[in-house]
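Structure first, then comments.
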Amino acid sequence: MRIDKLDGLRGFCSIMVVFYHYPQSFLPDFIFGNFFIRESFSFVDFFFVLSGFVISYNYSTISHSSDFWLYIKKRFIRLYPLLFFTTIVFLLFKLFSDNFLPELVSNPKGIKLYLIDTCNTLLMLNSTPIFGEMSKYLGMNHPSWSVSAEFISYVFFGLAGLFFFNKKKLYLLIITCLCVAVYVIKDQFVSSNYTWFFLRGIIGFNIGCVVYWLKTKKFSPKNSIELILPFLIAFIFYLFHNYEFGFKGLLSLVFKPLFFGFVILVLLNTNYHLSRFLESKTLTFLGKISYSIYLNHILLLLTLPRIIFNFFGLPQTTFTELLVLTLNMLFVVLYSTFTFTYVESTFGRALKKWLKV
16 MRIDKLDGLR GFCSIMVVFY HYPQSFLPDF IFGNFFIRES FSFVDFFFVL
66 SGFVISYNYS TISHSSDFWL YIKKRFIRLY PLLFFTTIVF LLFKLFSDNF
116 LPELVSNPKG IKLYLIDTCN TLLMLNSTPI FGEMSKYLGM NHPSWSVSAE
166 FISYVFFGLA GLFFFNKKKL YLLIITCLCV AVYVIKDQFV SSNYTWFFLR
216 GIIGFNIGCV VYWLKTKKFS PKNSIELILP FLIAFIFYLF HNYEFGFKGL
266 LSLVFKPLFF GFVILVLLNT NYHLSRFLES KTLTFLGKIS YSIYLNHILL
316 LLTLPRIIFN FFGLPQTTFT ELLVLTLNML FVVLYSTFTF TYVESTFGRA
366 LKKWLKV
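Heads up, the sequence shown is in our numbering, so the first residue is 16 and it goes up one at a time.
In structure tokens form, the structure reads like this:
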């Protein structure tokens with residue numbers, strides 16, 4: 016069962032992540048330097064919390080091994096076709112551009128390192144330190160680290176139902192606290208956060224599970240509270256962007272997903288102007304293809320502006336940068352519509368038949 020406003024929220028978050036990753040050298044300063052854009056990496060945490068809610072909503076009855084393996088198969092089918100496709104496309108792009116279009120490449124690494132990155136991604140381990148020093152590169156097509164973190168969260172959730180069905184809430188709380196503790200300890204002794212991003216995924220995902228459990232209780236906020244949510248998000252982003260304070264990393268790790276959980280809980284129990292905006296056809300469509308947007312956008316952001324400005328020599332002005340930005344966003348949506356239809360859906364159905372789901 017789908018909840019339209021959550022699809023719309025997912026669509027909005029995916030577009031903001033695209034803005035966050037847009038190359039600075041091809042974007043007007045007033046857009047790139049905007050605090051909301053610069054903090055939009057946080058919307059990845061929104062994805063994790065949303066995912067935790069949706070998975071709890073749809074898979075709250077896992078209690079036997081057959082339930083667990085069916086659940087894992089379904090989640091694998093949902094994630095892997097597009098992950099495999101985008102990873103291979105990105106690898107081919109890297110190999111081709113390194114040799115024939117060096118102006119499209121920022122940091123060439125060589126085929127050996129590319130293949131290691133590819134394996135790291137296809138094994139869905141690129142949010143973990145398992146590949147050692149190579150893990151800091153986040154695999155091939157670096158936004159895919161969140162797919163790794165999400166699948167790891169799926170496994171922990173499924174195991175909670177399988178082995179701790181009657182104490183699942185306590186188990187997930189302990190896992191969340193352990194993740195926070197490991198993050199704090201790691202932060203004191205390890206310089207790179209990249210190899211430990213799976214902790215961020217588990218924390219956000221488990222907070223989404225809490226949102227589902229709270230949703231089953233009586234919680235009836237006034238509809239008008241929706242109106243303050245965008246201002247609260249903007250205010251929190253402003254604080255995190257403009258001020259330095261103690262334990263900022265830890266606060267970001269825990270407070271932001273908690274706040275996003277609050278936002279989702281309010282939206283699930285209200286029906287006012289923000290809900291109607293999120294339920295619009297445009298945003299719900301973007302939500303439907305948001306996974307494709309998320310895994311496709313980096314490749315297009317790396318190529319299209321460089322081709323137009325560097326290869327064809329279009330003069331860079333505020334107008335042309337905004338024009339190319341608009342074209343790039345349009346191409347991201349069109350290409351993602353294609354991959355949603357012919358990769359996510361078509362190959363997903365084929366994988367269902369093969370795995371007998």
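Just so you know, even glycine gets a beta-carbon here, dropped at the ideal spot from N, CA and C.
Query raised in the report: Residue range of the alpha helix (DSSP H) that Val226 falls in?
Result: Start and end: Phe212 to Lys230.
**Report entry** Beta-carbon proximity check, Ile217 vs Ser150, cutoff 7 Å
**Finding:** Ser150 sits away from Ile217, with the two beta carbons spaced by 7 Å or more.
Report task. Give the straight-line distance between the Cα atoms of Phe326 and Leu337, rounded to the nearest whole angstrom. Result -> Cα atoms of Phe326 and Leu337: separation of roughly 18 Å, rounded to the nearest angstrom.
Query raised in the report: Under a three-way DSSP split, which group does Thr76 fall into?
Result: DSSP places Thr76 in the coil class of the three-state scheme, outside both helix and strand.
Query raised in the report: Should Gly67 and Gly223 be called a contact, given that it needs their Cβ atoms to be closer than 7 Å?
Result: A Cβ-Cβ contact shorter than 7 Å links Gly67 with Gly223.
Query raised in the report: By Cβ distance below 6 Å, which residues in the same chain neighbour Val278 in space, the five residues on each side in sequence not counted?
Result: Leu244.
Query - CB-CB length for Val65 against Arg25, believed under 8 Å - result: Position check: residue 65 holds Leu in this sequence, whereas Val was assumed. Yes, they are in contact, since the Cβ atoms of Leu65 and Arg25 sit about 6 Å apart, within 8 Å.
**Report entry** Proximity to Pro236 [Cα-Cα], best of Phe171, Lys263, Asn286 and Phe300
**Finding:** The alpha carbon of Pro236 has as its nearest neighbour, out of Phe171, Lys263, Asn286 and Phe300, the alpha carbon of Asn286.
Query - Buried or exposed by the 16-neighbour rule on C-beta atoms within 10 Å, applied to Glu259 - result: With fewer than 16 Cβ atoms within 10 Å of its Cβ, Glu259 is classed as exposed.
Query - Proximity below 7 Å, CB of Thr14 to CB of Asn156 - result: Lying outside 16 to 372, the shown extent of the chain, residue 14 is not represented and no answer is given.
Query raised in the report: Cβ atoms of Gly173 and Phe274: under 7 Å apart, would you say?
Result: No, the Cβ-Cβ distance between Phe274 and Gly173 is not below 7 Å.
Report task. Pick out whichever of Lys367, Thr133, Gly125 and Lys88 has its Cα sitting closest to the Cα of Phe430. Result -> For the chain, the structure presents residues 16 to 372; residue 430 sits outside this window and is missing.
Query raised in the report: Is it buried or exposed for Phe61, if we count other Cβ within 10 angstroms and need 16 for buried?
Result: Label assigned to Phe61: buried.
Query raised in the report: Shortest alpha-carbon distance to Leu342 belongs to which of Thr332, Pro320, Thr352 and Pro330?
Result: That would be Pro320, whose Cα lies nearest to the Cα of Leu342.
Query raised in the report: How many angstroms separate the CA atom of Leu268 from the CA atom of Lys201?
Result: Going from the Cα of Leu268 to the Cα of Lys201 covers about 13 Å.
Report task. For the alpha helix (DSSP H) containing Gly176, list its first residue and its last residue. Result -> DSSP places Gly176 inside the alpha helix (DSSP H), whose first and last residues are Trp160 to Phe178.
Query - Supposed contact pair Lys20 and Glu294 - C-beta distance, whole angstroms, cut 8 Å - result: Sure, about 5 Å apart at Cβ, within 8 Å.
Query - Beta-carbon gap between Cys194 and Leu177 smaller than 7 Å - result: Taking 7 Å as the Cβ cut-off, Cys194 and Leu177 do not qualify as a contacting pair.
Query raised in the report: Closest by CA to Ile304, which one among Asn49, Arg53, Leu94 and Phe45?
Result: Nearest C-alpha to Ile304: Leu94.
Query raised in the report: Whose CA, out of Gly363, Phe334, Val104 and Ile251, lies closest to the CA of Ser55?
Result: Of all alpha-carbon atoms in Gly363, Phe334, Val104 and Ile251, the one lying nearest the alpha-carbon of Ser55 is that of Ile251.
Query raised in the report: Mind checking whether Gly23 and Leu298 have CB atoms under 7 Å apart?
Result: Yes; because the gap between Cβ atoms is below 7 Å, this pair is in contact.
Query raised in the report: Any idea if Cys192 is buried or exposed, counting beta-carbon neighbours within 10 angstroms, 16 or more meaning buried?
Result: Its Cβ having fewer than 16 others within 10 Å, Cys192 is exposed.
Report task. Would you grab the beta carbon distance between Leu280 and Phe234 for me? Rounded to a whole angstrom, and I think it's under 8 Å. Result -> The beta carbons of Leu280 and Phe234 sit about 7 Å from each other, so the pair counts as a contact at 8 Å.
Requested in this report: Return the residue from the list Tyr306, Ala175, Phe111 and Ser112 that minimises the CA-CA distance to Val162.
Outcome: When each option's Cα is compared against that of Val162, the closest is Tyr306.
**Report entry** Pair within 7 Å by beta-carbon distance, Phe346 and Leu301
**Finding:** In this structure, Leu301 does not lie closer than 7 Å to Phe346 by Cβ.
**Report entry** Sequence-distant residues of its chain with Cβ nearer than 6 Å to Val226 (five each side left out)
**Finding:** These residues qualify, in order along the chain: Phe68, Gly276, Ile279 and Leu280.
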